[in-house]
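Below is one structure, written out as structure tokens; comments come after it.
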Amino acid sequence: MRMRVFLCILIGWWGMMIHAQLLPPIYNYTPSEYKGESQNWKICQADNKKIYFANNIGLLEFNGVVWQRYPLPNGAIARAVSAKGNTLYTGGFAEFGYWQPNKFNELQYTSLSRQLNPADIEDEEIWKIIFSDRWVLFQSLHKIFIYDTQQQSFKIISAAHHLPKIFKIGEHIYFQKMKEGLFKLVNGEEVLVTNHPLFREHILINLLPQKEHFLFVTQDKGIYEGTPTQLDTWKVSASQLINTLNIYSCEQLSDGSLVLGTIAKGVYRISAKGELLEHLQQKEGLQNNTVLSIFEDKEHNVWLGLDNGISMVNFFSPFRLYKDYEGILGAVYTSIVHQGTLYLGTNQGLFYTPFPLHSNSKFSLVEGTNGQVWQLKVVENTLFCGHNSGTFIIENHQAISICNLLGTWDVKPIAGHSNWLLQGNYEGLHLLEKKDGRWQYRNKIEGFNVSSRFFEFISPTELLVSHEYKGVFRLQLNDDFTKVTEVHKETSAPMGRKSAIAKYRNEIWYFTEKGLFKYNTTTHKFLQDEALTQQLFHQDSYLSGTLVQGKDEGLWAFTQHNIVKIAQGKLDNVPQLKKMPLSVSFRKDLVGYENLYEYREGDCLLGTSTGFMSFVFNQVTHTPYEVHIEHIASSRVEGALRAIALDTKEIEFNHTENNFTFSYSVPAYCGMFPSVYQYKLKGLYEHWSDWSEEATVRFENLPAGDYTFLVRAKVGDAVSPNTASFHFVIRKPWYATNAMIAFYIALLCGLLLVVHRVYRVHYKRHKKKVEQEKEKELALMQLENDRTVMQLHNDKLQSEVESKNRELAATTMSIVRKNELLMSIKEALLSSGNGKEVLHIVDDNINSEGDWEHFQEIFNQTDRDFLTRLKNLHPDLTPNDIKLCIYLRLNLSSKEIAPLLNISTQSVEIKRYRLRKKMLLERNQNLTDYILKL
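According to my numbering, numbering within the sequence shown proceeds without interruption in unit steps and concludes at 1279.
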């Protein structure tokens, strides 16, 4: 029973203990990513800085962006690869040769083994390739093929027994023959150096020159030092460990340390003095524990060809990472070093370990702190822990609860009150008080219940509180800190996601997606610092407004692509920005809860969602990388892509082949600082594109013209020193060529001439027509004028006629009345029988010719043509007939005519009858109507 209890306690204690190993950055590439098979036997780098792998599927090429595979001609596994310049030599089963890039930047293979007698290469598999002057040595398990690149001839060295390795030390070539010893090539001939049992019985993995001796790394007998003839075990601190390893690969790095690749136990890094520096295996982040090959590239990244996949380790990185693969520690929200102990506040509790960290450091949970930790802060040498469950004081790795109110965000000292602390919680502000040397909860500050994660004092009783969704509030407290007396909403502070405030050099700063603002205590307004805002967002974008206090009153900020340190300038008080390009994808920040602890100036610990990382801010340097155009392809609309030769200075394309795809890269393999690119196509637009991680761009339906494609890259904050370019021309279609344009111009000119001629003819016709119409209009106007004149004349004549008619009528009536009067007188005289002379005078007046002549003159003026027409129609009429016709023309009745003719009415009717007969009128034809119509 006691044993069970002991085991339970032991298991519980071990569960609370977390092994803390800070690891270099590790980047893994799976077979599905590099489109190959699992095993990678050898690794090399060409002068163009591309990395090449001998993989089961053939040769793999990686330019930092895209993987490309090249199978061997016979489909064999590639066991060896080595680079000389940009020429790649590979070897496999019964096949070896070299690859060179063609004009399309694709590798083309030339077989060398085909120059051999088939019996010489049959059943041989090449495992290593080395260079010596003009010779290339291909090593199989039983032969060494020495190829003279000038004479293009071979020499073969054979071994009766197993020939596991070949080495180049300076200008000398060494190789091992099992059961025989260590040999050396001298003038193309093999010479036995030593037949020491170590070389006859154990496989030599590597032969490493030191200052005055060699290190002999064996597969299963550890490491020896000395000369080939005088050997001794390498007596160092890691010897015992090394002797237990089954070593498959080994390389010496540029700093003198050794990297040992093992079977089933991962990779070990041993210092030049024999101390264990790092041990990496699958649980530390490698994909597999069997390391088949090791290679250090020109940027000191160490590539590991694994039994399953590829890993790249940056041992020399200024970053060291702790990843909580078991999920016990959780996401780190806050950290602090206090009294020689590193404390980590996570979403799962408060953990601690001695500081500085070392390979055997272990994190332990502070009992009673399970759950979310928000803040760790030292006030007067007392460590406070803001927890979801309240506020704790940490003493001797023990948690003492001083406030059980949920959700303590932060605590801050109050000026003038050394025994008070202001505490921000989920539901407003609270006061802590130190009594009898112990901190305890005092009271809630009434009148403000907004969650107070970020708050800063303006004066001892006035402070600002920032809330992401509600904005910034200015609070006035009473003197005993029991109540908020005034609440003002600061409208000058634009609200924004994950915004926050912080104090820097006694000034309050507010960071939001709108920029960086500084509070003016006089005007009570936030004013944007345009210079710092512009620097913050230059080629970058907002991530979070979290601002973290650093050493020497520095202030840390976090953007999408950088960690930013705001510090005072060395020669003035103007804040200066220093950026470390470290993208959020690498940092794995807790966005909105970013936390960084600067335990020494420049030495930082950054909490992440999977643990934490440490780094030295001032040691980060960025090497500029040259950018290269990898491939160019063109196509027609919905047509297949056609590769374009990169060595062509200028190339012309048909106008239908106007879709282009450009691929480019920089040979930067460190994932801490992602490679980004800018491009522009001169001839289409003159401005650079935005920076993007996309390494391919496609242009569709380009119009005819002269174009130059330009691309540049940036890794970290280092822009590539070169700009890669490609010039090309899209020809105009035949109907848009210069000759056709000249033809179109000539045709247009001809058409213009024809149109001009036609227009002139049309114009003349139109002019003539217009003139005719004008003449017609003038004639019509003249006719109208004449008509008007005639009408006026007719009106005048009509007036005259009417006047004459009136005169004629008056005359006629006068004559009628006169004759009637005279007739009456005559009748009276006749009845009296007297006055013959008087009768004679009366008769003379009745038949007065003077009256008739006057009447006729007036009638002729009124109706001039009547008598003429009447005489022409009826020439046999007598004067009396004509006189009767004139009276009828005047439309006089027989009764009115009788006095005028001095006859009776009956006599007038008789005259009318006779007149009808002379005129030969029909019986139904009216005499008066006939005369009126003449």
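Don't be surprised by glycine CBs; every beta carbon is placed ideally from N, CA and C. Nothing here was measured: the structure is a model prediction, and the numbers come from that model.
Inter-residue Cα distance where the pair is residue i and residue j
i, j, result
"V756", "E1038", "42 Å"
"V936", "A902", "12 Å"
"S796", "Q821", "17 Å"
"Y372", "T904", "23 Å"
"H732", "F960", "27 Å"
"I568", "K923", "46 Å"
"M1085", "W1079", "7 Å"
"S1239", "K1216", "22 Å"
"I354", "W579", "Only weak support is given to the placement of I354: the predicted model assigns it a pLDDT of 34, under 50, and the question is left unresolved by the model."
"W854", "V1064", "31 Å"
"G357", "F957", "Reliability of the predicted coordinates at G357 is poor, the pLDDT of 39 falling under 50, and no value is obtained from them."
"V919", "D948", "23 Å"
"R545", "Y942", "56 Å"
"Q1270", "I1170", "39 Å"
"T868", "Q921", "25 Å"
"N591", "T607", "6 Å"
"T968", "E641", "17 Å"
"I475", "L482", "5 Å"
"L767", "S1020", "46 Å"
"P370", "Q627", "14 Å"
"S889", "N692", "19 Å"
"K1113", "L1098", "22 Å"
"V1115", "D1140", "35 Å"
Selection from the options that minimises the alpha carbon distance to residue i
i, options, result
"R987", "T993, E995, A978", "A978"
"H883", "G685, S709, P926", "P926"
"A421", "P969, L1125, E440, Q413", "E440"
"E807", "N823, Q913, R479", "N823"
"G436", "G403, T727, E557", "G403"
"N907", "K1240, F407, S928", "S928"
"C1015", "F664, G792, E1122, K815", "F664"
"N408", "N401, A425, Q390", "Q390"
"H487", "V481, E467, D1226, L452", "E467"
"Y786", "Y688, L405, L777", "L777"
"T1068", "D934, I475, P805, Y1024", "Y1024"
"N715", "G735, P701, V724, K707", "G735"
"V1208", "I1231, T1223, L1218", "Before going on, a small fix: residue 1208 reads as Asp here, not Val. The candidate whose alpha carbon is nearest that of D1208 is I1231."
"W412", "L1092, H976, V982", "H976"
"L710", "Q913, G690, E534, A1013", "G690"
"V536", "K522, E623, R1259", "K522"
Identified DSSP bridge partners for residue i
i, result
"S979", "R987, F1005"
"C595", "L605"
"E943", "C949"
"K387", "A399"
"W444", "L433, Y454"
"N633", "Beta-bridge pairing links N633 to no other residue."
"Y688", "I681, Y697"
"S427", "Y434"
"L1272", "Per DSSP, none; premise fails for L1272."
"S1037", "Y1022"
Residue i vs residue j beta-carbon contact at 8 Å
i, j, result
"T313", "E939", "This structure leaves residue 313 out entirely; the chain is present only between 346 and 1279."
"T1006", "T1053", "no"
"T594", "I548", "Per the sequence shown, residue 594 should be read as Ser rather than Thr. No, the Cβ-Cβ distance between S594 and I548 is not below 8 Å."
"Y443", "L461", "no"
"W1036", "Y1022", "yes"
"A1282", "R1076", "Since the first residue shown for the chain is 346 and the last is 1279, residue 1282 is missing from the structure and cannot be characterised."
"I759", "S811", "no"
"Y1030", "V972", "no"
"V1056", "I974", "yes"
"N401", "E378", "no"
"I745", "T727", "no"
"V581", "G619", "yes"
"V647", "V636", "no"
"L982", "N999", "Here the sequence assigns Val to residue 982, which means Leu is not the residue at that position. No, Cβ-Cβ distance for V982 and N999 is not below 8 Å."
"F490", "L508", "no"
8 Å Cβ cutoff, residue i in contact with chain E
i, result
"A1058", "Here chain E cannot be found, since the structure has a single protein chain."
Review point. Going along the chain, which unbroken runs of the alpha helix (DSSP H) with 4 or more residues stay wholly within the region 507-584?
Key: 542-546, all fully within the region 507-584.
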